[in-house]
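So the structure is just underneath, and the comments pick up after that.
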Amino acid sequence: MNKSAKNISIASHENMQMDGIQKISVALGILGLFIMALALFNVAFPSKEIWLTISIIAIFTGVITYANRTYLHQPAGIKNNGVWHKNFTNRGSWAWMTGILLTSFYVVLYWYPQYLGLNEAGGNNTGIVGFFDPLSFVMNGKAATQWFVYGTLYTVAILGLGYKFILKYKNNKYQLVRTISVMFFQLGFAFLIPEILEKLNPEKAYFAKDLKNMWPLNYYFFNDWHLKNMFEGGNLGMFMLIFGVAMIFIISPILTYFYGKRWYCSWVCGCGGLAETAGDSFRHLSSKSTISWKIERWMIHSVLVFSFVMTIAVLFTFLSNNPEMSFITKGQFIWGIVIFLTIFTSVLYIFKRKDLDTDATYTMLSLVAIIIISLLLNYFSGQQNILFIDSNSLREWYGFAIGAAFSGVVGVGFYPILGNRVWCRFGCPMAAILGLQQRLFSRFRITTNGGQCISCGNCSTYCEMGIDVRSYAQKGENIVRSSCVGCGICSAVCPRGVLKLENDSPSGRINSNEILLGNNIDLLDLITNNK
Amino acid sequence: MEHIVIIGNGIAGVTLALHIRKKSESKITIVSNENEFFFSRTALMYVFMGHMKFKHTQPYENDFWKKNKIDLKQGLVIKVVPSSKEIILSSDEKITYDKLVLATGSIPNKYGWPGEKLNGVTGLYHKKDLESLEKWAKNANRAVIIGGGLIGIELAEMLRARDIQVTFLVREKTFWGGVLPFGESQMINRHILEHNIDLRLDTSLVEILSDEEGNAKGILTDKGEIIDCEIVGLTAGVSPNIDFLHNSGIELGKGVKVNRFLETNIKNIYAIGDCAEQRDAIGHRTAVEAVWYTGRMMGESLAQTLIGMPTKYNPGNWFNSAKFLDIEYQTYGWVWAKPRLNEEQFYWEHNCGKKAIRISFDKNNRTFLGINTFGIRMRHEFFDMILTKKQTVDYVIENLVKANFDPELFTSHNKEIKKQFYNQFDSLKTV
Numbered sequence: 029m030n031k032s033a034k035n036i037s038i039a040s041h042e043n044m045q046m047d048g049i050q051k052i053s054v055a056l057g058i059l060g061l062f063i064m065a066l067a068l069f070n071v072a073f074p075s076k077e078i079w080l081t082i083s084i085i086a087i088f089t090g091v092i093t094y095a096n097r098t099y100l101h102q103p104a105g106i107k108n109n110g111v112w113h114k115n116f117t118n119r120g121s122w123a124w125m126t127g128i129l130l131t132s133f134y135v136v137l138y139w140y141p142q143y144l145g146l147n148e149a150g151g152n153n154t155g156i157v158g159f160f161d162p163l164s165f166v167m168n169g170k171a172a173t174q175w176f177v178y179g180t181l182y183t184v185a186i187l188g189l190g191y192k193f194i195l196k197y198k199n200n201k202y203q204l205v206r207t208i209s210v211m212f213f214q215l216g217f218a219f220l221i222p223e224i225l226e227k228l229n230p231e232k233a234y235f236a237k238d239l240k241n242m243w244p245l246n247y248y249f250f251n252d253w254h255l256k257n258m259f260e261g262g263n264l265g266m267f268m269l270i271f272g273v274a275m276i277f278i279i280s281p282i283l284t285y286f287y288g289k290r291w292y293c294s295w296v297c298g299c300g301g302l303a304e305t306a307g308d309s310f311r312h313l314s315s316k317s318t319i320s321w322k323i324e325r326w327m328i329h330s331v332l333v334f335s336f337v338m339t340i341a342v343l344f345t346f347l348s349n350n351p352e353m354s355f356i357t358k359g360q361f362i363w364g365i366v367i368f369l370t371i372f373t374s375v376l377y378i379f380k381r382k383d384l385d386t387d388a389t390y391t392m393l394s395l396v397a398i399i400i401i402s403l404l405l406n407y408f409s410g411q412q413n414i415l416f417i418d419s420n421s422l423r424e425w426y427g428f429a430i431g432a433a434f435s436g437v438v439g440v441g442f443y444p445i446l447g448n449r450v451w452c453r454f455g456c457p458m459a460a461i462l463g464l465q466q467r468l469f470s471r472f473r474i475t476t477n478g479g480q481c482i483s484c485g486n487c488s489t490y491c492e493m494g495i496d497v498r499s500y501a502q503k504g505e506n507i508v509r510s511s512c513v514g515c516g517i518c519s520a521v522c523p524r525g526v527l528k529l530e531n532d533s534p535s536g537r538i539n540s541n542e543i544l545l546g547n548n549i550d551l552l553d554l555i556t557n558n559k
Numbered sequence: 017m018e019h020i021v022i023i024g025n026g027i028a029g030v031t032l033a034l035h036i037r038k039k040s041e042s043k044i045t046i047v048s049n050e051n052e053f054f055f056s057r058t059a060l061m062y063v064f065m066g067h068m069k070f071k072h073t074q075p076y077e078n079d080f081w082k083k084n085k086i087d088l089k090q091g092l093v094i095k096v097v098p099s100s101k102e103i104i105l106s107s108d109e110k111i112t113y114d115k116l117v118l119a120t121g122s123i124p125n126k127y128g129w130p131g132e133k134l135n136g137v138t139g140l141y142h143k144k145d146l147e148s149l150e151k152w153a154k155n156a157n158r159a160v161i162i163g164g165g166l167i168g169i170e171l172a173e174m175l176r177a178r179d180i181q182v183t184f185l186v187r188e189k190t191f192w193g194g195v196l197p198f199g200e201s202q203m204i205n206r207h208i209l210e211h212n213i214d215l216r217l218d219t220s221l222v223e224i225l226s227d228e229e230g231n232a233k234g235i236l237t238d239k240g241e242i243i244d245c246e247i248v249g250l251t252a253g254v255s256p257n258i259d260f261l262h263n264s265g266i267e268l269g270k271g272v273k274v275n276r277f278l279e280t281n282i283k284n285i286y287a288i289g290d291c292a293e294q295r296d297a298i299g300h301r302t303a304v305e306a307v308w309y310t311g312r313m314m315g316e317s318l319a320q321t322l323i324g325m326p327t328k329y330n331p332g333n334w335f336n337s338a339k340f341l342d343i344e345y346q347t348y349g350w351v352w353a354k355p356r357l358n359e360e361q362f363y364w365e366h367n368c369g370k371k372a373i374r375i376s377f378d379k380n381n382r383t384f385l386g387i388n389t390f391g392i393r394m395r396h397e398f399f400d401m402i403l404t405k406k407q408t409v410d411y412v413i414e415n416l417v418k419a420n421f422d423p424e425l426f427t428s429h430n431k432e433i434k435k436q437f438y439n440q441f442d443s444l445k446t447v
């Protein structure tokens, strides 16, 4: 902190203390949350709508005043002083308490919504769900659900802490634009538009109306109930279905080719949005060990296969049970999948074998072989359940283990302990697909600026995805990693201007040979070869 | 098997070891008295500021060295005995070598100031300096830093991050005035003040004052002023760490004298990094270069020689970088604080006062000579090519887009720069 007043304190300076205004701001924010907590415990507020408004305004005002006080009167620059000294950001007791609180919230949210006050029997909501009823009626014309409460709080978190993030990185326009983008997509696409569409179509059964929430992140997109509801959802339903499929097969591959997976993960995605804004204070906690990297590769690809298998299974069941609803028969579907997987992996293997690690190649090939064989086995044996598993229970297990436990409870609940991108790094099947493309078919890379790296380690420390950025930069190599979400913080915290996120021609993108580090040896050769 | 012993596990010694290991199976031992594992010295400041933990400054995981069969030996070398090809540690242990590489780095300069050995007085170079600072910072209200260069401003930033008041004594009339031309140096002066650092230009240290217990309690300046403080940072440059080599028969000057193959006067003994002194200066470079990058380059070159491919140390075009509080600085080629005879300089400063570039070129044929850039990142590869191909300043001005390395979406100042350049120096439009 910059205090020009003479410092007369004889106490430790180890932790920079908050000043009065910062303390009041934090108190105000907590007050807002406290009102919600009171609602949770069924304190009867005389007029809910006023108290809800007060509560949300208190939270926003608290966050905004805190951010202004902290960042506005300082020169623009990197603001990481004391990050590893502070209890809250260095896995201290406050961090654990926050983690436990968040985790419990998610457990209740997913599995015990009645404790939040949801009345599943159809009567009036109580507790915090009931507290949000007035807002829910305004937004979508119905009583609130736990998901409405969650969605609102999620949006408040991204907007409020997004503002803080913008001030913190006010020297960096990339961060500014990117953060405005995630705030916009959360507020508009994930919150306002779906709620309003819900209000305009009250009679239709539910289907996801968040355009940007694409399969396989939205794992229930191809589930039978969801497909049915879209088919029966009139023009809007058909639009959502077609747009959803187009996102997967057309829009996303094109954008990922030109910009890398960052277009989604750190510009659009809601999970990414929360991680970048609310989770920013914990980005340095991600593990950078090679062991973690190994676990990451196994885990994220296993989840991808799991989501793939689950989707094939539920689609197969859907096609078996509702032949009248679909354009294709289940036979065509199976053969389509087999042909797609065969072509896809052959192309990958033939053209990109060299760019893949050996373990990745083997994993991929054996998994695809297993999937194809079991698909065919099942198809010819005439079973209803593909892959020998009941698609219903598979779907339920996926929803429980991946959709809820991993992405929510662990993914967000453990922010203060494991860092802010645990889900994105280890679990998100969407990130896995985009990452695969980013590694193999994309123009995106992080360019290392010749020999300017001083191995300081800021880039690696602040990489939320646990990439050891320095290990590439100090060798003068570009960074082309499937997990990189392109948040651009490595480039921001670099004290020597070494890293730059770029989209450029794919040739020479991965330069793993000796590079320009300063010695005059065959420098020109290298540069010519890298072109 | 040949035994290569390297004294010092800084960037020079470690780069050497890694590059030897890539191509050779020789036994490699690195002896160090500082820290068991290699760490980035330039990152020490970030540990103090709480940006990183010490372990984050270590670029390789702890088992990396064993995996690569590089032996790490903890110990202080007190003597080198070339006649018996051995080094002696303070524990009396002897290590014999076939080839010995001195990569011992630097020590902070002290000029015999009264009180320079008091408690609370430190340089900023070694890990132990950081540990001392850590200890003293707890009870410090004010620190005085002596020496207006790169380390001084880093130390000032560190102490400010802990909310300790800082008085910064700079002997020259302006910050880093020996290297930075007037305009950018003024800009940095302003930025130092903006960070609430009490900058005292044209002021020298006379004496460090002591309390009864031998702790620093203040300093006396040449202006006769006494400034109370609990910490005194001595950051007036560094010198080669070669004291233990006196009487070893190895020829010493300011540093260990080496030729272009980095060989000392004694066969099979080499020196690299901060502690080496070139017998013949290379280009405009100083004979002793205490820079991260040159240490790394020397390590790379010597590795080639030691695996049997004799290679001269042949540093390419000069480059360097630093960060002055929030302002990043990069330089490519040579820009002198006082323009030399053939040199013309073009200076542009953004009206925010935190971005500037200075381009130096040859008056006669407009060959580009060098650039200082502040708050704008530039591409190393681009300028290296320009310097090697001896392109003109006009080419650089016309290709600023290619030169720029700022993050995406950053505001470009190329048009302004170009306009001012052509206003000042009528264009030849050679492009």
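Respectively, the protein sequence lines represent chains A and B. Taken in order, the first sequence gives residues 29 to 559; the numbers are from our numbering. Taken in order, the second sequence gives residues 17 to 447; the numbers are from our numbering. For every residue, glycine included, the Cβ atom is placed at its ideal position computed from N, Cα and C. Model, not experiment: these values are computed from the prediction.
N- and C-terminal bounds of the alpha helix (DSSP H) containing residue i
| i | result |
| --- | --- |
| Asn-531(A) | Run containing Asn-531(A): none in the alpha helix (DSSP H); it sits in the beta strand (DSSP E), 527 to 531. |
| Ser-201(B) | 198 to 210 |
| Ile-63(A) | 48 to 68 |
| Ile-85(A) | 76 to 95 |
Straight-line Cα distance separating residue j from residue i
| i | j | result |
| --- | --- | --- |
| Lys-51(A) | Val-91(A) | 11 Å |
| Glu-241(B) | His-211(B) | 23 Å |
| Ile-400(A) | Pro-244(A) | 20 Å |
| Thr-251(B) | Ala-65(A) | 54 Å |
| His-35(B) | Trp-81(B) | 13 Å |
| Phe-346(A) | Ile-194(A) | 46 Å |
| Val-351(B) | Gly-536(A) | 32 Å |
| Leu-384(A) | Trp-326(A) | 14 Å |
| Leu-554(A) | Ser-354(A) | Bear in mind that a pLDDT of 42 at Leu-554(A), under 50, signals an unreliable position, so the number given afterwards is only what the model happens to contain. The alpha-carbon atoms of Leu-554(A) and Ser-354(A) are separated by roughly 56 Å. |
| Ile-276(A) | Glu-424(A) | 23 Å |
| Ala-9(B) | Ile-213(B) | This structure does not reach residue 9(B), given that chain B is present from 17 up to 447, and the question cannot be answered. |
| Met-29(A) | Tyr-62(B) | Bear in mind that the predicted position of Met-29(A) carries a pLDDT of just 35, short of 50, making it unreliable; the figure below should be weighed with that in mind. About 15 Å. |
| Ala-353(B) | Leu-196(B) | 5 Å |
| Arg-356(B) | Asn-333(B) | 18 Å |
| Ile-103(B) | Ile-46(B) | 12 Å |
Beta-ladder partner(s) of residue i, from DSSP
| i | result |
| --- | --- |
| Lys-339(B) | Glu-344(B) |
| Val-160(B) | Thr-183(B) and Val-248(B) |
| Met-394(B) | Asn-420(B) |
| Gln-90(B) | Ser-48(B) |
| Gly-234(B) | Leu-225(B) and Asp-244(B) |
| Leu-215(B) | Phe-184(B) |
| Glu-293(B) | Lys-273(B) |
| Ser-315(A) | DSSP output for Ser-315(A) lists no bridge partner at all. |
Residue i Cβ short of 7 Å to the ligand GTP heavy atom set
| i | result |
| --- | --- |
| Asn-25(B) | This structure lacks the ligand GTP, and indeed carries no ligand of any kind. |
Start-to-end residues for the beta strand (DSSP E) that takes in residue i
| i | result |
| --- | --- |
| Glu-223(B) | 221 to 226 |
What ranges does the alpha helix (DSSP H) occupy inside the region 407 to 472 of chain A, keeping only unbroken runs of at least 4 residues that lie completely in it?
419 to 426, 443 to 446 and 457 to 468
Looking at C-beta atoms only, is the number of pairs between the region 256 to 266 of chain B and the region 168 to 188 of chain B that lie closer than 8 Å three or more?
no
Using 8 Å as the threshold, is the region 302 to 320 of chain A in touch with the region 442 to 452 of chain A, meaning 3 or more CB pairs across them?
yes
contact_flag[the region 152 to 164 of chain B, the region 272 to 282 of chain B] where n(CB pairs < 8 Å) is 3 or more
no
Counting pairs of Cβ atoms below 8 Å between the region 59 to 66 of chain B and the region 108 to 115 of chain A, do you hit three or more?
yes
What runs of the alpha helix (DSSP H), each 4 residues or longer, lie entirely inside the region 329 to 390 of chain A?
358 to 380
So within the region 306 to 388 of chain B, which uninterrupted alpha helix (DSSP H) runs reach at least 4 residues, ignoring any that extend past its ends?
308 to 322
Quick one: any contact between the region 88 to 96 of chain B and the region 195 to 204 of chain B, if contact means 3 or more CB pairs under 8 Å?
no
With three or more C-beta pairs closer than 8 Å as the rule, is the region 149 to 158 of chain A touching the region 64 to 82 of chain A?
yes
Below 8 Å, can you find three or more Cβ-Cβ pairs linking the region 522 to 531 of chain A to the region 468 to 476 of chain A?
yes
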